[in-house]
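Trainee:
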Amino acid sequence: MKTRILNLLLILSSLMAYLEWGTDQKMFLAQGEMEILAKLFSDPLSVAHPFVLLPLAGQILLLITLFQNKPSRLLSLLGVASVGILLLFIFLIGTVSLNVKIMLCSLPFVVLAIISIRHHRKSRRKGQG
Numbered sequence: 000m001k002t003r004i005l006n007l008l009l010i011l012s013s014l015m016a017y018l019e020w021g022t023d024q025k026m027f028l029a030q031g032e033m034e035i036l037a038k039l040f041s042d043p044l045s046v047a048h049p050f051v052l053l054p055l056a057g058q059i060l061l062l063i064t065l066f067q068n069k070p071s072r073l074l075s076l077l078g079v080a081s082v083g084i085l086l087l088f089i090f091l092i093g094t095v096s097l098n099v100k101i102m103l104c105s106l107p108f109v110v111l112a113i114i115s116i117r118h119h120r121k122s123r124r125k126g127q128g
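Sequential numbering of the sequence shown, starting at 0, is according to numbering that gives the first Met the number 0.
#1: State the CB to CB distance for the pair Phe40 and Leu85, rounded to an integer number of angstroms; the pair is presumed to be in contact (CB under 8 Å).
#2: In this structure, how does DSSP classify Phe108 when only helix, strand and coil are distinguished?
#3: Pop quiz: Leu60 and Leu74 are said to be a contact at Cβ under 8 Å. What is the actual Cβ separation, rounded to whole angstroms?
#4: Which one of Val99, Lys125, Leu103, Ala80 has the shortest CA to CA distance from Ile116?
#5: Roughly how many angstroms separate the alpha carbons of Ala37 and Arg124, rounded to a whole number?
#6: What does a CB cutoff of less than 7 Å around Phe63 pick up in its chain, not counting 5 residues either side in sequence?
#7: DSSP three-state call for Lys69: helix, strand or coil?
#8: Assign Leu18 to one of three DSSP states: helix, strand, or coil.
#9: For Lys136, which residues from the same chain have a beta carbon less than 6 Å from its beta carbon, with the 5 sequence-adjacent residues on both sides left out?
Written as structure tokens, this is what we have:
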């Protein structure tokens with residue numbers, strides 16, 4: 000049950016990531032994903048980029064674990080890693096540019112990812128002991 004809750008929180012917190020660029024360009028990751036999903040069927044080549052597809056695939060993996068009887072440890076960790084690449088990059092950009100909004104909106108995912116990885120390490124040790 001704890002794994003499912005963590006994975007759900009990871010999905011939700013990843014959607015809260017805030018992006019800013021240029022002079023007046025900004026959006027939450029959830030808004031960007033809606034645009035990406037709309038373009039995926041009309042113009043698939045425009046969204047064919049690793050920084051777009053990898054986090055999206057990671058969210059899908061995390062979503063799959065929500066419906067498994069026993070959430071897969073491998074799928075959970077792959078999902079965290081796939082989404083984490085983008086969210087850590089966003090957090091790093093916020094830190095380097097001293098943009099508090101970007102840092103604070105990506106921080107929940109970073110914290111939850113650390114908690115999730117520690118949870119999976121502990122559950123693996125219990126299974127071996």
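Idealized CB from N, CA, C, for every residue including glycine.
Mentor: Reading from the atomic positions:
#1: Not a contact, Cβ separation roughly 22 Å.
#2: helix
#3: 5 Å
#4: Ala80
#5: 43 Å
#6: Correcting the residue identity first, residue 63 is Ile in this sequence and not Phe. Here the set comprises Leu74.
#7: coil
#8: strand
#9: Residue coverage of the chain in this structure runs from 0 to 128, which leaves residue 136 outside it and unanswerable.
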